[in-house]
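To start, the structure under review is shown below, and the notes come after it.
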Amino acid sequence: MKTQFLCGNGQVPPTPGPDWMRRLIAIADWLFRLHCGWAERGKRKEKCLLLKHHVLWLKPAPTELNRPGSDMRRVTLFVNGTSSNGKVVAVYGSLEDLLSVASSKLGIRASSVYNGNGGLIDDITLIRDDDVLYVSEGDAFEDPQEDFRGRERGQTHTDWLTLNVGGRCFTTTRSTLVSKEPESMLAHMFREKGGWDNKQDSQGAYLIDRSPDYFEPILNYLRHGQLIINEGINPLGVLEEARFFGIEPLAEQLETLIKSTQPPDDHSPLTRKEFIRFLLATTTKSELRCQGLNFTGADLSRLDLRYINFKMANLRGTNLIHANLSGANLERADLSMACLDGANLQGVKMLCTNAEGASLRGCNFEDPAGIKANLEGANLKGVDMEGSQMTGINLRVATLKNAKLKNCNLRGATLAGTDLENCDLSGCDLQEANLRGSNVKGAIFEEMLTPLHMSQSVR
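Per our numbering, residue 56 is the first one in the sequence shown, and the count goes up by one each step.
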């Protein structure tokens, strides 16, 4: 702290030279140790040197007295309307500086400050040391005592809740709805008071527009953790309620229960053994009708499947390696993720077939009799058809995005309007192929066996 010497009359003496000042300070320091004391001047006590004929007053220099915030004050800040999680800060500078500190400490956009009586503070000089202040984002002052009393009432009275579900009332506790499944809709509805704008009836019960018969097993599950369904209650209804309220563990239990009580369905996939029985019981001249049957994951490799009607059949993930599907009808069938490597597909009908992700490496689509394979509108995204013989094949408006057609024979193929985006056509023979209107964005045409003319792709 800078020190200024005053004469007995309180006036500042003329500024002496530097040498004289050093001597005076040394003498004053010696005298201060011997004769330092307190004396009253006006209404304040100030430290002074008690000399024989003079009183030498010691006080801060005027520049320090006039500096804003030299008398540091500390205050306690709370968010408006609360009396917890307060922050103790020092008050310096202007009111804007205090608001900036409050925004940082309390995590809000502070715009106004109130004292404990709700008075708006608009000047920093009105703040005293150890004041308790309430900071708001521009809203009116809220008495923190009301919030405290409300929490006390909530702890003693409102832990019990009444739910009006579809006209029937259920009484339970807030902890029952929140503790067991903290991520459920019920937990979010009743975890914090005022968190959701829950409507109440005239008796104060919370209104929930759901079925009371199906809600009761859910409430009991939240109480003791066991799934108990009374006789006459459909588990499917309870399952829908569990999904609605977001109680996933209960929904999984209900799904298992429903599956265990249902009779076995008729949609189980056919096995290789069962299908061979059908083949042996049918003459080669008869057309085997397999329309809409389920062959998911079945092993049909190396079987004679000529001219069989697989229309709309489920062949997802089926093993058809080296199978003879000549003349077969696979229209709108599901061949996704199936394996048909080396299969005979001469004259096959695969209109609008879904073969996404399937493997057709080394397949033969070329029929010596001149019957062209028809894959018009088929979904062949990501298929691997490397090395396949596809002379004259019809792939009109089919989707071959990200497909692999390396070293394929596509001579005379119809690819009009086909989506060949990012398709690998390296080493393909596209002589006389029709590419009009096809999408070849990002397609690879490296090591082509024959030149590709613009007339093939542009009308």
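Every residue gets a Cβ at the ideal spot worked out from N, C-alpha and C, and that includes glycine.
Ile-363 carries a coil assignment under DSSP once its states are collapsed to helix, strand and coil. Collapsing the DSSP output to three states places Ala-157 in a helix.
The region 181-190 makes no contact with the region 211-231, as fewer than three CB pairs between them are under 8 Å. Runs of alpha helix (DSSP H) with 4 or more residues, each lying fully within the region 322-356, are found at 327-335, listed in chain order. Distances from the alpha-carbon of Ser-266 to those of Arg-327, Arg-278 and Phe-300 put Phe-300 closest. DSSP places Val-403 in the coil class of the three-state scheme, outside both helix and strand.
Bridge pairing for Cys-394: Asn-374 and Ser-414 [DSSP]. Arg-327 and Asp-354 have their alpha carbons spaced roughly 6 Å apart.
Distance from the CA atom of Ser-323 to the CA atom of Asn-434, rounded to whole angstroms, is 25 Å.
Sixteen is the threshold: since fewer than 16 other Cβ atoms of the shown chains lie within 10 Å of the Cβ of Gly-222, the residue is exposed. Burial of Gln-401 is indicated by the presence of at least 16 other C-beta atoms within 10 angstroms of its C-beta. When the alpha-carbon of Lys-496 is set against those of Glu-502, His-279, Met-503 and Asp-479, the nearest one is in Asp-479. Apart from sequence neighbours up to five positions away, the residues of its chain that approach Gly-193 with a beta-carbon distance below 7 Å are Ser-166 and Ser-167, ordered along the chain. Cβ contact annotation for Thr-446 (same chain, cutoff 8 Å, sequence separation greater than five): Phe-420, Glu-421, Asn-464, Leu-465, Arg-466, Gly-467 and Ala-468, in chain order.
The beta carbon of Glu-476 is closer than 6 Å to those of Lys-456, Asn-494, Lys-496 and Gly-497 in its chain, skipping five residues each way along the sequence. With 16 or more neighbouring CB atoms inside 10 Å of its own CB, Gly-382 falls in the buried class. For a cut-off of 8 Å, the C-beta gap from Met-405 to Leu-430 is around 5 Å, short enough to register as a contact. Closest option to Phe-333, judged by alpha-carbon separation, among Ile-313, Ile-363, Asp-177 and Leu-305: Ile-363.
With 16 or more other CB atoms across the displayed protein chains lying within 10 angstroms of its CB, Glu-386 is buried. For Thr-454, same chain residues with a beta-carbon under 7 Å away, outside a window of 5 residues either side, are Asn-434, Leu-435, Lys-436 and Asp-474 in chain order. Boundaries of the alpha helix (DSSP H) around Phe-270: 267-279.
Inter-residue distance for Lys-366 and Asn-384 is about 6 Å (C-alpha atoms, whole angstroms). Within its own chain, the residues whose Cβ lies closer than 7 Å to the Cβ of Ser-158, once the five positions on either side in sequence are excluded, are Arg-164 and Ala-165, listed in chain order. One alpha carbon belongs to Gly-287, the other to Ser-257, and they sit about 32 Å apart. When secondary structure is reduced to three states using DSSP, Arg-229 falls in the helix class. Per DSSP, the beta bridge partners of Arg-128 are Val-146.
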